[in-house]
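K.L.:
Just dropping this structure here.
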DNA sequence: TTCCTTTGCTACATTTATCGTAGCAATACG
DNA sequence: CGTATTGCTACGATAAATGTAGCAAAGGAA
């Protein structure tokens with residue numbers, strides 16, 4: 014019931030050095046990855062609720078990102094269903110929290 | 014000598030709400046976007062040096078990201094050539110700095 | 001001038017990623 | 001049984017990224 018691309022054979026894509034920061038930047042630089050983490054900050058969401066939160070992004074990509082982020086240890090699938098951040102994932106999101114304030118100021122400057 | 018896609022007609026892609034944070038997450042969630050900002054942190058780089066720093070990514074995408082990040086006001090093309098962060102871009106990078114430490118710890122936990 | 005190098009940037013064909021719609025199996029309720 | 005959820009997948013169409021090659025402009029030498 015799973016495809017679950019082999020994380021050993023799958024190349025890192027865009028980061029041939031293997032340096033952790035590059036691997037991370039590459040992983041987070043995929044479509045919807047940052048957004049997914051962002052949407053899970055407040056509370057766990059079911060796959061379908063997450064899809065709604067992400068502007069009805071196609072389930073194909075969402076599922077792909079979900080699998081990747083799960084393999085990375087940032088999110089997990091709860092027992093009663095629904096995706097949530099792991100402690101590690103929560104740490105990661107803390108790093109991006111200031112981004113919100115930045116985005117607001119940035120938007121202001123653009124329309125200045 | 015430029016194409017410079019019209020930033021008024023181009024849709025936001027993946028963020029139909031228009032909320033600044035979503036626009037930002039979408040912009041940064043494109044291939045090589047985060048990496049480019051990261052590589053420019055230390056010092057300005059020429060387009061070719063940047064390409065080398067980014068594992069020889071294709072100049073097509075790099076040029077696309079460069080244009081987008083420039084329109085966003087995060088980077089700029091210096092007079093004597095070479096791309097560098099704007100003050101705003103530097104602020105943005107400050108947000109991602111802690112990511113480096115996180116990446117190291119993350120890599121450690123993965124191979125635990 | 002001519003030659004050589006480097007700059008930012010582009011063309012084009014191929015490959016990969018994502019989209020959008022539909023639907024599956026499993027589970028749970030009635 | 002039906003009906004509604006859950007996570008997840010198939011598949012054809014479209015958009016994005018790759019890899020190789022090359023352009024025009026600018027700056028040195030000679």
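Residue numbers (the numbering used here), protein chains in the order written: chain A, 14 to 125; chain B, 14 to 125. Ideal Cβ placement from N, Cα and C applies to all residues, glycine included. Keep in mind the model is a prediction, meaning the values are calculated, not measured.
1) So, are the CB atoms of residue 74 (chain A) and residue 48 (chain A) less than 8 Å apart?
2) In chain order, what residues of the same chain lie with their CB nearer than 7 Å to the CB of residue 40 (chain B), ignoring the 5 residues before and after it?
3) Would a C-beta distance cut-off of 8 Å place residue 97 (chain B) and residue 53 (chain B) closer than the cut-off?
4) Please confirm whether residue 51 (chain A) and residue 37 (chain B) have their CB atoms less than 8 Å apart.
5) Quick one: residues in its chain with C-beta nearer than 7 Å to the C-beta of residue 57 (chain A), no 5 flanking neighbours on either side, listed in chain order?
6) Any beta carbon from chain B within less than 8 Å of residue 48 (chain A)'s own beta carbon?
7) Tell me whether residue 110 (chain B) is buried or exposed, calling it buried when 16 or more other Cβ atoms sit within 10 Å of its Cβ.
8) Quick check on DSSP: helix, strand or coil for residue 53 (chain A)?
9) Answer with buried or exposed for residue 114 (chain B), where buried requires no fewer than 16 other C-beta atoms within 10 angstroms of its C-beta.
10) Would you mind working out which of B:101, B:116, B:60 and B:70 sits nearest residue 104 (chain A), comparing C-alpha positions?
11) Within 10 Å of its beta-carbon, does residue 33 (chain A) have 16 or more other beta-carbons around it, so buried, or fewer, so exposed?
12) Quick check on the burial criterion: 16 or more other C-beta atoms within 10 angstroms. Buried or exposed for residue 61 (chain A)?
13) Would you kindly work out how many angstroms separate the C-alpha atoms of residue 79 (chain A) and residue 59 (chain A), rounded to a whole number?
14) Are any of the Cβ atoms in chain B nearer than 8 Å to that of residue 34 (chain A)?
15) Assuming the contact rule is C-beta atoms closer than 8 Å, residue 5 (chain A) and residue 64 (chain A) should be a hit. Round their C-beta distance to whole Å, please.
16) Helix, strand or coil: how does DSSP classify residue 89 (chain B) here?
17) Taking Cβ-Cβ distances shorter than 7 Å, what residues in chain A pair up with residue 105 (chain B)?
P.N.:
On the basis of the supplied data:
1) no
2) 46, 81 and 85
3) yes
4) no
5) 91, 95, 96 and 97
6) yes
7) exposed
8) coil
9) exposed
10) B:116
11) buried
12) exposed
13) 11 Å
14) yes
15) As displayed, chain A neither begins before 14 nor continues past 125, which places residue 5 (chain A) out of reach and without an answer.
16) strand
17) 115
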